[in-house]
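Here is the structure we will look at, set down as structure tokens.
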Amino acid sequence: MPGCALHPRDRQIKRAKGLRLLKSLEGFSSMLPFSRANGLALSPGWEVPRALHPGRLFHFQRVEGRACAREREPVSQTVTQSVARMLTSRTFLKRTRAGAVMKVVREHYLRDDISCGAAACVLCGSREEEQEAKEKGAPAQALLEAQPSGAASSLCPGPHYLLLDTNLLLHQIDILEDPVIRNVIILQTVLQEVRKRSAPVYKRIKDVVANPEKHFYAFTNEHHKETYIEQEQGENSNDRNDRAIRVAAKWYNEHLAKLQTEEKITVILLTNDRKNKEKALEEGITAYTCEEYIKSLIANPELVDRLACLNDEGNEIENGRIIFSEHLPLSKLQQGIKSGLYLQGTFRANRDNYLEATVWVHGDGDQREVIVQGLRNLNRAVHEDIVAVELLSKDAWAAPSSVVLLDDEGQNEEDDVEKEEEKENSLKTPVSKAMMRPTGKVVGIIKRNWRPYCGMLSKSQIKESRRHLFTPADRRIPRIRIETRQSSTLEGQRIIVAIDGWPRSSRYPHGHFVKNLGAAGDKETETEVLLLEHDVPHQAFSQAVLSFLPQMPWSITDKDMKFREDLRHLCVCSVDPPGCTDIDDALHCRDLENGNLEVGVHIADVSHFIRPGNALDQESAKRGTTVYLCEKRIDMVPELLSSNLCSLRSNVDRLAFSCIWEMNNNAEVLKTRFTKSVINSKASLTYAEAQMRIDSGSMNDDITLSLRGLNKLAKILKKRRIDKGALTLSSPEVRFHMDSETHDPIDLQTKELKETNSMVEEFMLLANISVAQKIYDEFSEHALLRKHPAPPPSNYDILVKAAKSKDFEIKTDSAKALADSLDRAESPSFPYLNTLLRILATRCMMQAVYFCSGMDNDFHHYGLASPIYTHFTSPIRRYADIIVHRLLAVAIGADSTYPDLTDKHKLAELCNNLNYRHKMAQYAQRASVAFHTQLFFKNKSVVNEEAYILFVRKNAIVVLIPKYGLEGTVFFEEKDKPKPSLLYNDEIPYLTVEGTTFHTFDKVTVNIMLDASNIQHQKIRMALVEPKVPGCNVPSEKSKNREPEKKKKKLGK
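Residue numbers for the sequence shown follow numbering that gives the first Met the number 0, beginning at 0 and rising by one.
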């Protein structure tokens, strides 16, 4: 009887609908909330009287918000003893913060009525559990099939269930997610250990268990009377858990043998632990390794490629020569970090130089980053790993390398190692002491942050070889060696590969094939790759999420109007980019009788539709932001909300959250008020349409007059912000014009900004600042705010040097000093110089982040020169704004609060996710622009354009082409060609190539084309046209081939 600690055979206990039963025993001081893991049928949050008379049975019921107990008939002594036998305790040692060791004893409840999960079982409560869940409207846990179906195994042809140990689940999750693998028992013992060791795997297995088509069953063996075991004297926790797994496997086989089925169902233990398998076989349990079982699925040979290659650490020295130092054990790393010998930080690989990385040190020490150079010093760390580094002596410190090195060569590991040593020497160039940075080596890995990687297979040149190198799409990830029988099929395809390990004897990590995404170059495939690579949730919204959407047709009701102000009479309009359907904001401006102006910013009231804690809210919080790609939009909320019910479209009534100011003609705010409202936008305008109205001499309607008033005030607000030190930076943004049939880009232009862009921006900023102050005043510990940290002085080095090369001085003491010096850096003979400086200044900035006001003391927004800031104006596309709306609604009495809203720790955790999602969305958008830029130039003839040098490297220059907003690298060294004479100076900086000197911001002419010679990384290649440099102008005929199989005629100079 699920939900009761007493034996189901005891006839004195009856289930009563709406009531819960609880047996109180002597010695109980409190009761745990009810869950599947314990036998107490008590709803979460209900309090239990401390002194209920033992031997009596109580009904529990909530009455007027309070839990009440009502005594039932007496319970027999037999029942009391039965329950007592199901109560045990667990003892463990815990270290306190002070360092003392404390003994902890916890009550542990056992049951004998937990279902085995087999649909055919009549001995357990499987059917009853399923029926009870249906009655409550809750999804029932998927049951193991009565006649297990799935892939036929040559080892065990009869019907069978699989039972897994912990390490197999941790390392073979890709196999388990395959549709072929079904009817699997996941023990509580295993789940608990996986949860401790790998949160990503735990999340993935939870998703698999939740999929009813997979028939995975989570069995709570730690609370089952027949499968719970105590840890024996001298037995470690791993051995105890392995024994618990074997006990559960044996119990399942004995239990299922009692069923009256046509064929006996066997439970097979899968384990890669040799000792565990041997003991299982000795105990009469059928057991195989994962590899043995997968290879026995003869109808599915492709599954073998998805097996994780687990290295035997003890034998790795015998498998080849040692390349890398051994990683220190975690205990020594922790001691070294505590003593200051080692530093802990996040490993960030260099995208332009695979032999260099930076470790961002955790904590508040002076040294925030450590350079790591050289293959052996990198010591098998992978981008985003948490590592321990040991600083080298100061005479071995180095400066960040200016060499561009890409790992595009070779299949032979031993040849590669020799070449790396040659390349490492190119990093060792003499520099001044002022340029030196703390430099170290990786001595151990504290936490691996591996993920599945997208990329392509580099097929081995050895015929019939199964070992190949995989080249990730992200250049910061090393190539991965995998074994596959599908190399011919996978050639030219985008695939997903996972890393399994990195032996000391291998130049590259080892991994396994996971999934084929489709042909490289295909738009859908490449879009899928960039979404996966940047961890953008893009699956269709589930039915659980969609079930919380309003029923259509929808209309505003009297209930909706209860706490709202009717503003439908106001002349409100929206101004957005062309084609915008998710309209977050609208504005109005009107004259008041007292001579002042009323200005309103009206924001879509998304929080009315997305209520706290439901599936729609959870999914929106997980996604965090809408992601805008060149051809599509990945919505944060379902389209019914984003493009319809929440979108402030013209001529329809919409719910809004309004921020309304009374201002004088100098744009000084006299009064501010916030209200939930109903509006009816009079026009949905583009920036160009709004600008045309403002500039028109003949239009004087209410909408146009409102826009002119807004524009006038916006100019005053902007000037006031800039006078206070707000930065006006620049970033080249491009817009593609697509072919209506093929959807290929046919034109590429930089975005043109109008006054109306600035007009909307100014009032959005003002609304965000006003709301930030309001929610902070009401919730000083729980306000969700946004800050922009001031960059460290070293960030400005490249900007200061670049400006100095053009005889301008850039001051960076404060945002105001920076803004003023940028304003002064104007050259009549070089108008584009100021834009270039502002682009470089943008690269110097830190990332703005969300934070909880109760967890941080620094609120300042450096770029806006504002003491406080938040996001309120885009709740359709940013989840942070939804939280801010909820806080503001509570602050003005328009809505009620809930626990998570005033929990600063949960809010801080939410902010971390939002910051991550925002960063990944930006990267995904840039990747989409880069891919469509490749498509644009794919079929172009020779394109020569003017460009400006942004950065000077030791062997290359990085240029910006203003016409396309395109950035690229011009290399001065080509394979199989004589190396030109190069002289590099990092102080000024400049690069002299065969007597021609290049400085930052110099104008050059470059040739642009798509280089598809390396199918792993198709890219825009740029070559120098002007000025003329012997041996370096316009690429050779070999490198000009756009497609590997075609040869183009030689370009003229």
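The C-beta atom is built at its ideal place from N, Cα and C for all residues, glycine as well.
Residue i - containing beta strand (DSSP E), residue span
i	result
Gln924	Looking at the DSSP string, Gln924 is not in any beta strand (DSSP E); the run it does join, the alpha helix (DSSP H), is 903 to 937.
Thr288	Premise fails: Thr288 is in no beta strand (DSSP E) and is neither H nor E.
Arg320	First-last for Arg320: undefined, no H or E at that position.
Val388	385 to 390
Glu355	355 to 360
Cys572	572 to 575
Tyr947	942 to 951
Leu886	Run containing Leu886: none in the beta strand (DSSP E); it sits in the alpha helix (DSSP H), 878 to 890.
Asn240	Unbroken run through Asn240 is the alpha helix (DSSP H), 236 to 255; no beta strand (DSSP E).
Residue of the options minimising C-alpha distance to residue i
i	options	result
Val1005	Glu1025, Ala119, Ser657	Glu1025
Gln924	Leu529, Tyr861, Ile948	Leu529
Arg478	Leu405, Gly443, Gln485	Leu405
Tyr108	Gln232, Thr226, Gln542	Thr226
Leu280	Glu192, Arg242, Asn299	Arg242
His870	Gly623, Val598, Leu342	Gly623
Val651	Thr556, Leu684, Val544, Ser680	Ser680
Leu390	Gly443, Gln492, Asn349, Leu596	Gly443
His742	Leu934, Ile264, Ala1022, Arg506	Leu934
Pro156	Lys631, Leu296, Ala497	Leu296
Asp521	Leu764, Ser927, Pro576	Ser927
Ala893	Pro577, Glu618, Lys558	Lys558
Thr932	Asn767, Asp746, Pro791	Asp746
Whether residue i touches residue j by CB criterion (9 Å)
i	j	result
Ala818	Ile721	yes
Asn352	Thr270	no
Glu986	Lys978	no
Pro731	Ile838	yes
His382	Ala356	yes
Phe950	Met1008	no
Leu900	Leu913	no
Glu212	Gln485	no
Leu640	Val605	yes
Ser546	Ala614	yes
Ile385	Gly344	yes
Trp553	Leu644	yes
His254	Cys115	yes
Ile322	Ser505	yes
Ala585	Glu532	no
Lys1002	Ala946	yes
Leu647	Asp583	yes
Tyr849	Phe858	no
Leu765	Trp660	yes
Leu268	Leu122	no
Ser487	Thr470	no
Residue i: first and last residue of the uninterrupted alpha helix (DSSP H) it sits in
i	result
Lys191	Note that residue 191 corresponds to Gln in the displayed sequence, not to Lys. Looking at the DSSP string, the run of the alpha helix (DSSP H) that includes Gln191 is 187 to 196.
Val759	754 to 777
Lys717	701 to 723
Asn376	374 to 377
Leu565	A quick correction: the sequence has Asp, not Leu, at residue 565. First-last for Asp565: 563 to 565, but that is the beta strand (DSSP E), not the alpha helix (DSSP H).
Ala847	Taken as a continuous stretch (DSSP letters only), Ala847 belongs to no alpha helix (DSSP H), as it is neither H nor E.
Val651	Premise fails: Val651 is in no alpha helix (DSSP H) and is neither H nor E.
Chain C within 9 Å of residue i, Cβ atoms only
i	result
Asn794	Here chain C cannot be found, since the structure has a single protein chain.
Whole-number beta carbon distance between residue j and residue i, since they are thought to touch under 8 Å
i	j	result
Gly862	His787	5 Å
Phe673	Ile891	5 Å
Asn595	Leu669	7 Å
Cys910	Cys851	6 Å
Val574	Ala689	5 Å
Leu306	Ile174	7 Å
Ala864	Ala725	4 Å
Ile264	Pro178	So it is not a contact: roughly 21 Å between Cβ atoms.
Which residue spans inside the region 980 to 1006 form an unbroken alpha helix (DSSP H) run of at least 4? none
Which full runs of the beta strand (DSSP E) of 3+ residues lie inside the region 152 to 233, going along the chain? Fully enclosed beta strand (DSSP E) runs of 3 or longer: 159 to 163, 183 to 186, 215 to 218.
Alpha helix (DSSP H) segments (min. 4 residues) lying fully within the region 439 to 521: 486 to 489
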